[in-house]
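*Asks:* Below: one structure in C-alpha cells.
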Amino acid sequence: MQSPSDPRPGLHAAIIMDGNGRWATRRGLPRAAGHRTGVEAIRRTAEACPGLGIGTLTLYAFSSDNWQRPADEVGGLMRLLRVYLRNETARLARTGTRLSVVGRRDRLPAGLPEAIERAEAATAEGRKLHLRIAVDYSARDAILAAAVRLAGEPTSRAAFGAEVAGAMHGSPVDVDLLIRTGGEKRLSDFMLWEAAYAELHFTEQMWPDFGEDDLAAAMAEFTRRDRRFGGLTNPKVSAAA
Ligand code: IPE
Ligand code: IPE
Ligand code: MG
Numbered sequence: 017m018q019s020p021s022d023p024r025p026g027l028h029a030a031i032i033m034d035g036n037g038r039w040a041t042r043r044g045l046p047r048a049a050g051h052r053t054g055v056e057a058i059r060r061t062a063e064a065c066p067g068l069g070i071g072t073l074t075l076y077a078f079s080s081d082n083w084q085r086p087a088d089e090v091g092g093l094m095r096l097l098r099v100y101l102r103n104e105t106a107r108l109a110r111t112g113t114r115l116s117v118v119g120r121r122d123r124l125p126a127g128l129p130e131a132i133e134r135a136e137a138a139t140a141e142g143r144k145l146h147l148r149i150a151v152d153y154s155a156r157d158a159i160l161a162a163a164v165r166l167a168g169e170p171t172s173r174a175a176f177g178a179e180v181a182g183a184m185h186g187s188p189v190d191v192d193l194l195i196r197t198g199g200e201k202r203l204s205d206f207m208l209w210e211a212a213y214a215e216l217h218f219t220e221q222m223w224p225d226f227g228e229d230d231l232a233a234a235m236a237e238f239t240r241r242d243r244r245f246g247g248l249t250n251p252k253v254s255a256a257a
C-alpha cells in the first residue's frame with residue numbers, strides 16, 4: 017500500500033532479517049561473519065524486488081533492543097552499516113533504488129547520521145525500489161511517541177499512523193507481506209502499527225542464505241492468500257446465501 021507522499025507503485029514487503037549469528041556459529045565462524053555475509057543477502061533481495069512487484073522493501077537491521085548485545089557486536093554492526101553506505105550508495109543510485117534509514121538517529125555513533133543523510137540525498141531520485149533499512153527501530157517507541165505528541169487531540173487512524181511513522185523518520189506505508197527468516201515466529205517490536213493486515217511468512221532459512229528464490233516463493237504464497245481486511249471474499253455471493 018502507498019502513502020500519499022509516496023506514489024511508488026507495488027507492494028510493501030518487510031523482512032526481519034534474523035539468523036546471522038546462528039548461520040555463522042554453525043560454520044565455526046564468529047557471529048560477525050554472519051552479519052557480513054548478510055549484507056550480500058540484502059543486495060540479492062533488494063535487486064529481486066522490482067521484478068516481483070515489490071515497490072517498497074523495509075529491512076529490520078538493528079532493533080532498539082539490540083543495544084543490549086555485547087559492545088563489540090554492536091560496534092561491528094554500526095561499522096557494517098557505515099561500510100554499506102560507503103560501498104553501496106553508487107550501486108543503489110545506478111539501479112534506481114531510493115535508500116531511507118528509519119529509526120532513531122540520536123543514539124548512533126558520531127558521523128553515522130551524516131553518512132545516512134548523504135546516502136539518502138544521493139539516491140533520492142530512485143524510482144524502481146524504495147529500500148528502507150530500520151536501525152535503532154522500535155515500533156512500541158514509535159507508537160508511544162505518537163500517543164504523547166497527540167495526547168488529547170482528536171485524530172484519525174491515518175493521522176496517527178503518520179505520527180507513528182514520523183517518530184522513526186519514516187513515511188506511513190502499510191506492510192503487505194512480512195517475512196521473518198531464522199525460524200522464530202515473532203515480531204520483535206517491528207512495524208506493529210503498519211503490519212495490522214500484513215500477510216505473515218516465516219521461513220527456517222537463515223538470513224545469509226536468503227535470496228531471490230526465497231523471496232519469489234514468499235511472493236507466490238502471498239498471491240494465493242485471500243486478503244479480506246475484515247470483510248468477505250465475495251460479498252454478493254455470501255450475502256445471497
Ligand atoms: C539478525 O541476526 C541481525 C540482528 C539482529 C542484528 P541475529 O544476530 O539475531 O542472529 P541470531 O538470531 O542470533 O542467529
Ligand atoms: C530482531 O531479531 C531484530 C532484527 C532482526 C534486527 P532479534 O534476534 O534481535 O530478535 P529476538 O531477540 O530473537 O526476538
Ligand atoms: Mg536473532
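Residue numbering for the sequence shown follows the working numbering, starting at 17 and increasing by one per position.
Built from N, CA and C at the ideal position, the CB exists for glycine as well.
Note that this is a predicted model, so its numbers are computed, not measured.
CB-CB under 7 Å to Asp34, same chain, minus the five flanking residues each way: which ones, in chain order?
*Replies:* Closer than 7 Å at Cβ, skipping near neighbours: Arg196, Thr197, Gly198, Glu200, Trp223.
*Asks:* Quick one: give me the first and last residue of the alpha helix (DSSP H) that Thr105 is part of.
*Replies:* First-last of the alpha helix (DSSP H) with Thr105: 87–110.
*Asks:* In the DSSP assignment, what are the bridge partners of Arg114?
*Replies:* Paired residue(s): His146.
*Asks:* Name the DSSP beta bridge partners of Val180, please?
*Replies:* DSSP lists no partner for Val180.
*Asks:* For ligand 3, is there any heavy atom lying closer than 7 Å to the beta carbon of Gly199?
*Replies:* The answer is no for Gly199.
*Asks:* Please work out which residues of its chain come closer than 6 Å, Cβ to Cβ, to Gly26, disregarding the five sequence neighbours upstream and downstream, and give them in chain order.
*Replies:* Gly69, Ile70, Gly71.
*Asks:* Please say whether Glu89 and Arg47 have beta carbons closer to each other than 8 Å?
*Replies:* Yes, they are a contact pair.
*Asks:* Nearest to Leu128 by CA position, among Gly50, Cys65, Arg102, is which residue?
*Replies:* Selected option, being the one with the closest Cα: Arg102.
*Asks:* Grab me the residues of Arg165's own chain with a C-beta within less than 6 Å of its C-beta, minus the 5 sequence neighbours each way, in chain order.
*Replies:* For Arg165, where only same-chain residues beyond five positions count, the Cβ hits under 6 Å are Glu179.
*Asks:* Return the chain-ordered ranges of every alpha helix (DSSP H) run that is complete within the stretch 150–214 and spans a minimum of 4 residues.
*Replies:* The qualifying runs are 155–166, 173–183.
*Asks:* Our contact map puts Leu194 next to Ala62 with C-beta atoms below 8 Å; I'd like the distance itself, whole angstroms only.
*Replies:* About 17 Å separates the two Cβ atoms, so there is no contact after all.
*Asks:* Mapping the DSSP letters down to three states, classify Phe226 as helix, strand or coil.
*Replies:* Correct three-state label for Phe226: coil.
*Asks:* What residues in its chain sit with their C-beta under 7 Å from that of Lys144, if we drop five residues either side in the sequence?
*Replies:* Excluding positions up to five away in sequence, the list reads Pro66, Thr111, Gly112, Thr113.
*Asks:* Beta-carbon distances below 6 Å to any heavy atom of ligand 2 define the shell here; list its residues in chain order, please.
*Replies:* Working through the chain, the matches are Ile32, Met33, Asp34, Tyr76, Ala77, Phe78, Ser79, Asn82, Glu200, Arg202, Ser204.
*Asks:* Short check: CB of Ala181 to CB of Ser187, under 8 Å?
*Replies:* Their beta carbons are under 8 Å apart, which means Ala181 touches Ser187 by this criterion.
*Asks:* When every heavy atom of ligand 3 is checked, does at least one fall within less than 7 Å of the C-beta of Gly37?
*Replies:* Yes, since a heavy atom of ligand 3 falls inside the 7 Å radius drawn around the Cβ of Gly37.
*Asks:* Could you please give me the residues that DSSP links to His217 through a beta bridge?
*Replies:* Bridge partners of His217: Ile195.
*Asks:* Which whole-angstrom value is the C-beta distance of Arg243 and Tyr213, which I expect to be below 8 Å?
*Replies:* With 8 Å as the limit, Arg243 and Tyr213 qualify as a contact, their Cβ atoms being about 7 Å apart.
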